Every structure is written in structure tokens, then in C-alpha cells.
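Those letters in the sequence shown? Residues 1 to 585, by the UniProt record's numbering. For every residue, glycine included, the Cβ atom is placed at its ideal position computed from N, Cα and C. Predicted model only: the values in this text are computed from it and were never measured. First up is the structure itself, then whatever we jot down about it.
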Amino acid sequence: MLNSSFDGVRYNMYWGRGYNLKTFQGDFIAGLTTASLCVPQSIAYAKLANLDPQHGLYTSFVAPLVYAFMGSSRDTAAGPVAVVSLLLGTMLSDEISDYKSHDYLCLAFTATFFAGITQMVLGVLRLGFLIDFLSHAAIVGFMGGAAIMITLQQLKGLLGIQNFTKKTDIVSVMGSVWSSVHHGWNWQTIVIGVAFLTFLLIAKHTAKKNKKLFWVAAIAPMTSVILSTFFVYITRADKKGVSIVKHIQKGVNPASAREIFFSGKYLGAGIRIGVVAGMVALTEAVAIGKTFAAMKDYSLDGNKEMVAIGTMNIIGSLTSCYVATGSFSRSAVNHMAGCKTAVSNIVMSIVVLLTLILITPLFKYTPNAVLASIITAAVVGLVNVEAVVLLWKIDKFDFVACMGAFFGVIFKNVEIGLLIAVAISFAKILLQVTKPRIAVLGKLPGTSIYRNIQQYPNATQVPGVLIIRVDSAIYFSNSNYIKERILRWLTNEDAHSKEDELPRIQYLIVEMSPVTDIDTSGIRAFEDLYRSLEKRKVQLLLANPGPIVMEKLSASNFTDLIGEDKIFISVADAVANFGPNHEET
1 MLNSSFDGVR YNMYWGRGYN LKTFQGDFIA GLTTASLCVP QSIAYAKLAN LDPQHGLYTS
61 FVAPLVYAFM GSSRDTAAGP VAVVSLLLGT MLSDEISDYK SHDYLCLAFT ATFFAGITQM
121 VLGVLRLGFL IDFLSHAAIV GFMGGAAIMI TLQQLKGLLG IQNFTKKTDI VSVMGSVWSS
181 VHHGWNWQTI VIGVAFLTFL LIAKHTAKKN KKLFWVAAIA PMTSVILSTF FVYITRADKK
241 GVSIVKHIQK GVNPASAREI FFSGKYLGAG IRIGVVAGMV ALTEAVAIGK TFAAMKDYSL
301 DGNKEMVAIG TMNIIGSLTS CYVATGSFSR SAVNHMAGCK TAVSNIVMSI VVLLTLILIT
361 PLFKYTPNAV LASIITAAVV GLVNVEAVVL LWKIDKFDFV ACMGAFFGVI FKNVEIGLLI
421 AVAISFAKIL LQVTKPRIAV LGKLPGTSIY RNIQQYPNAT QVPGVLIIRV DSAIYFSNSN
481 YIKERILRWL TNEDAHSKED ELPRIQYLIV EMSPVTDIDT SGIRAFEDLY RSLEKRKVQL
541 LLANPGPIVM EKLSASNFTD LIGEDKIFIS VADAVANFGP NHEET
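Below, the structure written as C-alpha cells:
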């Protein structure tokens with residue numbers, strides 16, 4: 001199992017066989033273009049996690065390099081992302097409020113290590129289906145709430161507020177903003193922040209309108225950093241209250257294996273934070289990988305992807321990185337720039353390495369307002385209003401799940417929002433399992449086809465016969481509900497037949513083609529149903545049970561109880577044998 005999980009390393013070496021100059025040209029251009037977006041985003045996202053800027057760059061150096069050799073997606077650009085950075089920063093600060101302390105940094109590395117372990121274990125044991133428990137609706141709400149929360153957090157940088165709340169809920173954040181309106185805002189910072197945020201949003205809109213101009217949005221963040229840094233340097237705006245980065249440590253990632261808590265009071269917190277952050281990061285990475293794999297028509301192995309992401313974070317935790325995953329914005333740029341293979345990740349990694357070695361001192365005068373504007377522009381797209389409207393139209397329960405996750409994030413924190421998202425997703429699964437759909441079937445005019453009378457109003461019910469279809473496997477969790485629902489339906493149909501002076505129900509046909517499986521509780525429920533029907537002088541007929549269901553019914557002697565002559569290959573066959581004589585075939 002472990003060997004098959006690491007086949008991704010050998011699989012991904014396809015770019016080493018038959019790799020030519022033309023292919024490299026595409027990867028090189030894509031890598032450079034993505035790096036121009038990656039560097040400023042990495043510096044900005046590190047601040048979301050309450051870490052020094054160099055840790056964002058460390059992560060963008062190591063993560064893409066590891067992913068290039070192990071990941072199965074050709075388009076995914078690995079590194080730090082906004083939502084995971086905010087989630088990590090929020091959960092870490094709940095444990096250690098002083099994020100300048102050494103313990104805070106060590107806890108970040110510990111969480112990253114256990115995030116990687118969680119991801120790798122899920123991949124090796126082929127448990128990737130677990131992330132599917134977070135429904136699309138819950139993800140839409142969670143991401144939208146996180147985007148709003150991230151944007152509100154950036155008001156500190158955009159307005160130049162010095163004393164800002166460490167809480168993330170909307171009430172605390174807005175209270176902190178308004179309480180400092182008369183003495184805490186810096187107009188020079190506001191001008192810089194608003195100007196470059198406008199520039200970034202225009203660049204993003206331009207790229208969205210014209211796909212050929214994707215590079216405009218890609219280079220806009222780096223352009224903003226260069227221009228704003230130069231402006232602050234020549235005007236000495238930092239002397240007038242404009243907050244700047246000040247210092248980014250130069251050089252390659254230092255080792256951090258000894259900084260990880262493998263014992264002590266923070267070990268439990270590190271594991272808990274790591275598992276949560278790891279699952280969210282994994283969900284995002286797999287979603288991105290599948291999106292671009294579908295666009296380019298190649299296969300993506302979810303389990304290998306989990307092993308790759310897990311290995312990436314384990315190695316990252318040992319080299320001063322924090323939790324990394326696939327980035328929506330950078331992966332889109334990588335794709336649009338014409339990447340051919342994962343080599344584009346290597347090119348991006350090398351550019352980040354050169355940045356760390358050569359030019360980090362040049363970021364000293366970069367205003368924090370520009371980093372805030374870069375983050376804000378990046379997360380705007382995570383608020384998917386169209387998807388929310390669609391959820392309302394299609395499924396009200398999904399809409400509730402979406403809104404629950406959304407409001408949980410903005411009124412409490414990302415951890416509570418995620419918990420609500422998972423809880424509502426599980427609730428929906430339980431509801432669907434315990435209360436499956438059951439339909440009454442009628443005959444389509446002029447045919448021998450029987451369909452749901454609610455979907456086909458022109459379908460007519462056979463006099464004296466009630467035809468029921470169970471749209472689910474029958475297990476201990478829903479067997480009683482199915483039995484009671486059928487008996488209730490039978491009672492109602494009998495009452496209607498009496499009112500309309502129609503023959504009473506003499507036959508109950510259960511269409512079982514959608515029933516993929518049945519357990520002992522389900523069989524017991526059918527036995528009870530059979531006995532209840534006997535008392536009402538109603539015969540039970542089964543139509544089209546599948547091979548697995550039929551095998552279990554035979555093994556339990558249920559077929560002997562009702563008689564094998566009461567089991568048919570179709571509803572039409574059952575009606576033809578037991579329906580009223582005047583029924584057309």
C-alpha cells in the first residue's frame with residue numbers, strides 16, 4: 001500500500017523522459033509568471049498566520065519543490081494560501097496570544113508537521129473519501145466567510161491602525177475599527193492602500209474580461225510592491241506613520257526539526273490544529289487538482305495527491321515552513337501561462353530561492369498597506385454569490401449549510417465556522433440515510449412503464465394496487481422508517497379508495513431496483529411488513545431486486561416466507577400477474 005502511494009514520484013518523472021526544450025519553455029515562462037505573484041502573496045499570507053514574512057517565502061521555496069516530484073497535478077502551484085494561513089493564525093493565537101514568542105513559532109511548526117502526517121496517513125490508507133464529508137455547500141459558505149473575515153482583518157493595514165483587536169469575529173473587528181477612527185487612522189496609509197487596491201482590482205478585472213491578458217493580474221502584485229516600496233523610500237513615508245515590513249531575514253530556510261513539540265503541554269494543541277488545518281488544506285488542494293485535470297483531460301489520483309501534500313508539509317515543518325497547499329489564484333496563473341508539467345513549480349521555487357538569497361533586504365520599505373491590498377484582492381473571488389443563489393434554487397438544506405458555515409466564520413471564528421460546516425454536512429448525510437426518498441409509482445399512458453406520480457402527473461395508479469419504490473439501500477438506520485412510511489401510505493391510499501369508491505388495496509408492489517443492499521435489520525423490517533400486510537389481507541410483491549439483495553433475501557429464507565412466485569423481474573410483470581383483469585398491458 002505504501003509503495004503504491006509513492007508511485008507518484010515515479011509517475012511524475014514523466015517530465016524527465018522525452019522532455020524537450022519546447023516543453024521547458026512553456027514551464028519556464030509559467031514558473032516565472034507564477035513566481036511574480038507568489039513572492040508578494042507569500043510575504044502577505046505569512047502575516048495572516050502571524051508569522052514573520054520570511055516563513056511565507058520559505059514555504060514557497062520548499063513546498064513547490066517537493067510537490068513537483070510527488071504531486072499528480074501538472075497545474076497546481078503549491079505554497080501558502082490565505083484561508084489556511086488565517087485558520088492557522090487564529091487557532092495558534094487561541095493557544096499562545098503572544099505571536100512574537102518562540103513557542104508560537106514552534107507550535108506553528110508542530111501543527112504543520114501533524115497536518116502533513118494527517119494528510120499522508122489519509123493518502124496511504126486510501127481514506128480520501130473522508131474529505132468528501134465536507135459538502136460543496138459548506139465549502140462555499142466557509143470560503144466566503146473566511147474571505148470576508150480576511151478582508152476585515154486587512155483594515156488594520158489599509159487604515160494604518162496600530163492597536164487592533166486580536167479577535168477575528170466581525171463585531172470585535174468593526175468595534176476596533178470604529179473605536180480608532182478619530183485617533184488611530186493614518187491618511188497616508190489609506191491613500192497608499194486604496195490606490196494599490198484599486199490598481200489590483202482593475203488588473204484582476206482586466207484579466208477576467210480578456211483571458212489573453214492574464215499576465216496583467218499575475219504581475220500586478222509584484223508591480224505594486226516595487227512601486228509602493230520605491231515611493232515610501234523616496235518620500236520617507238515611514239517617518240509619517242506608514243507601517244512598513246522593516247525586516248525580512250535573508251538566506252535559505254534554517255532547519256526547524258528541534259523546534260517541533262513532540263512532548264509537553266503544546267503537543268495536544270499542535271496535533272489538533274494540525275489535523276484541522278491539514279484537512280482544510282487537503283480539501284482545497286484536491287479540489288484545485290481535479291478542476292485543472294478535468295480542463296486538460298488527464299487523471300488525478302486523489303490518494304497520491306494526499307501523500308504528496310502530506311510529504312510536502314512534513315518536510316516543510318522541518319525547514320521552517322508552515323502549512324502549504326495548492327493555491328487557486330497561482331494555479332490559475334500557472335495554467336493560463338501555459339505550464340506543461342510540474343517543472344513550472346521548480347522554476348517558481350528557484351525564483352523564490354533567489355529572492356531569499358539576494359533581494360529580501362529590498363522589501364524593507366514595503367508598506368503593510370500594500371500587503372493588505374494584495375491579500376484583499378486575492379480573496380475577493382472566494383465570495384461566490386452566484387453559487388449561493390444556485391444553492392437556494394436547488395436545495396434549501398444546502399443553502400442552510402452554506403449560511404451556517406458563513407455566519408459561523410464571520411460572527412465567531414474560522415474554527416467554529418468549519419465545525420458548523422462539518423456538522424451540517426453530517427446532518428444532511430444522516431437525514432438522507434435515515435429518511436430516504438420513497439415514491440408512489442403509476443403507469444404512463446400507452447406503455448408498461450411505471451414512474452413517480454409526482455414527477456409524471458399523467459401517470460395513473462393501478463386500481464387495487466399500491467406500487468412503492470424505495471430509492472436507497474435498506475439498513476438498520478432507515479428500515480423502520482421505510483416500513484412505517486409504507487404502512488402509512490397504504491392506510492392513506494385505502495382511505496382515498498374508499499372515498500372514491502375504488503377497489504381497496506389488495507397488492508403492495510415494492511420496486512427494488514434502486515435498493516443496492518439490505519442488512520439483517522432491513523430483512524427483519526420486511527418480515528414485519530409482510531405480517532402487517534397479512535393482517536390487512538394485502539399481498540406483498542417484490543419487483544426487480546438486485547443480485548446482492550436477492551442473495552440475502554434467499555439466505556434469510558424471506559423468499560420462502562412470501563413465496564418465490566411473488567418476486568418479479570419488473571413492476572409490469574407483477575401487475576400483469578396480480579393486477580385487475582381489466583388492466584391494460
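In this structure, residue 35 lies away from residue 336, with their beta-carbon atoms at least 8 angstroms apart. Contact between the segment 243-257 and the segment 352-361 is present: three or more C-beta pairs spanning the two stretches fall below 8 angstroms. Linking residue 540 to residue 306 through their CA atoms gives a straight-line distance of about 49 angstroms.
Burial state of residue 551 is exposed, judged by a 10 Å Cβ sphere holding fewer than 16 other Cβ atoms. Fully enclosed alpha helix (DSSP H) runs of no fewer than 4 residues occupy 155-159 and 170-179 of the segment 152-180, in order along the chain. Look at the segment 342-383 and you find these whole runs of alpha helix (DSSP H), each 4 residues long or longer: 343-354 and 368-379. Rounded to the nearest whole angstrom, the C-alpha separation of residue 261 and residue 268 is 9 angstroms. Rounded to the nearest whole angstrom, the CA to CA distance from residue 84 to residue 493 is 55 angstroms. Between residue 115 and residue 414, the beta carbon gap of about 15 angstroms keeps them out of contact (Cβ cut-off 8 angstroms).
Between residue 377 and residue 157, the gap from beta carbon to beta carbon reaches 8 angstroms or more. Under the DSSP assignment, residue 511 falls in the beta strand (DSSP E) whose first and last residues are 507-511. DSSP places residue 104 in no beta strand (DSSP E) but in the uninterrupted alpha helix (DSSP H) bounded by 102-124. In the assembly as shown, residue 499 is an exposed residue. Its beta-carbon has fewer than 16 other beta-carbons within 10 Å.
CA-to-CA, the gap between residue 123 and residue 64 works out to about 19 angstroms. Here the C-alpha atom of residue 292 lies approximately 12 angstroms from the C-alpha atom of residue 340.
The Cβ atoms of residue 351 and residue 32 lie closer than 8 angstroms to each other.
The Cβ atoms of residue 47 and residue 40 lie no closer than 8 angstroms to each other. Nearest to residue 167 by alpha-carbon distance, out of 327, 412, 479 and 511, is 412.
Taken through DSSP and simplified to helix, strand or coil, residue 450 comes out as strand. Approximately 6 angstroms separates the beta-carbon atoms of residue 443 and residue 462; this is inside 8 angstroms, confirming the contact. Residue 544 is classed as buried because its beta carbon has at least 16 other beta carbons within 10 Å across all chains shown. Of the candidates 20, 170 and 140, the residue whose Cα lies closest to the Cα of residue 382 is 140. In the structure shown, residue 204 adopts helical secondary structure according to DSSP, grouped into three states. By DSSP's assignment, residue 539 forms a beta bridge with 507. Here residue 210 is exposed. Its C-beta has fewer than 16 other C-beta atoms within 10 Å. About 7 angstroms separates the CB atoms of residue 374 and residue 224; that is less than 8 angstroms, so the two are in contact. By the criterion of at least three beta-carbon pairs nearer than 8 angstroms, the segment 300-315 is in contact with the segment 103-119.
In this chain, the alpha helix (DSSP H) harbouring residue 314 covers 302-317. For residue 251, there is no enclosing alpha helix (DSSP H), as DSSP marks it with neither H nor E.
It is roughly 29 angstroms from the alpha-carbon of residue 127 to the alpha-carbon of residue 56. In the structure shown, residue 26 adopts helical secondary structure according to DSSP, grouped into three states. Residue range 438-443 is occupied by the beta strand (DSSP E) that includes residue 439. C-alpha of residue 271 to C-alpha of residue 526: approximately 46 angstroms in a straight line. Burial state of residue 564 is exposed, judged by a 10 Å Cβ sphere holding fewer than 16 other Cβ atoms.
With respect to the 8 angstroms criterion, residue 229 and residue 365 are classified as neighbours on the basis of their beta carbons. Selection 567, 72, 162 and 274 evaluated against residue 542 yields 567 as nearest (Cα-Cα).
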